[in-house]
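Take a look at the structure below.
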Amino acid sequence: MSRAEHLVEVNEGDFEKEVMESGIPVLVDFFTPPCAPCKALVPVLERAARKYPNVKVVKVNAWNNQGLCARWKIVSVPALLFFKGGQNVLRIDGFDDSTERRIEDGLSGILES
């Protein structure tokens, strides 16, 4: 299985369709290619995608999508935005030892609501 098999990259052209109009909750990872914490987050996001099959996990390259960064006030990466019904319902900025638990707690709460 490829390392990022479950993670689809979206951009300004398909963000509305893939995220805002999605019929299921979406976890969006804003990243940049050289960002070490962003790279470290990939296996965590892979596990979340496998554990929560009713959630779409997508990535947005912040360098190539400045309009989305401005829209969602992304000033540093990684930044995780959780969407449900076209609304941003949760945000996690940065990556540390608590991030995986915070992602799981956030996804569980979103799926229960």
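Numbering (my numbering), first residue to last: 160 to 272.
A virtual CB, placed ideally from N, CA and C, is assigned to each residue, including glycine.
Per-residue DSSP class, three states only, for residue i
| i | result |
| --- | --- |
| E346 | Here the chain has residues from 160 to 272 only, and residue 346 is not among them. |
| V169 | coil |
| D264 | helix |
| K176 | helix |
| S181 | coil |
Residue i classed as buried or exposed, judged by whether at least 16 other C-beta atoms fall within 10 angstroms
| i | result |
| --- | --- |
| R162 | Low confidence applies to R162: its pLDDT is 39, below 50, so where it sits in the model is not reliable enough to give any reading. |
| V178 | buried |
| L204 | buried |
| T258 | buried |
| K125 | Outside the shown range of the chain (160 to 272) lies residue 125, about which nothing can therefore be said. |
| L166 | buried |
Heavy atom of the ligand ADP within 7 Å of residue i beta-carbon
| i | result |
| --- | --- |
| W222 | Among the components of this structure there are no ligands whatsoever, and the ligand ADP is therefore not found. |
Sheet register partners of residue i (DSSP bridge)
| i | result |
| --- | --- |
| R250 | L240 |
| D188 | K218 and L239 |
Delimiting residues of the beta strand (DSSP E) encompassing residue i
| i | result |
| --- | --- |
| K218 | K215 to N220 |
Where the alpha helix (DSSP H) through residue i begins and ends
| i | result |
| --- | --- |
| C197 | A195 to K210 |
| G226 | Q225 to R230 |
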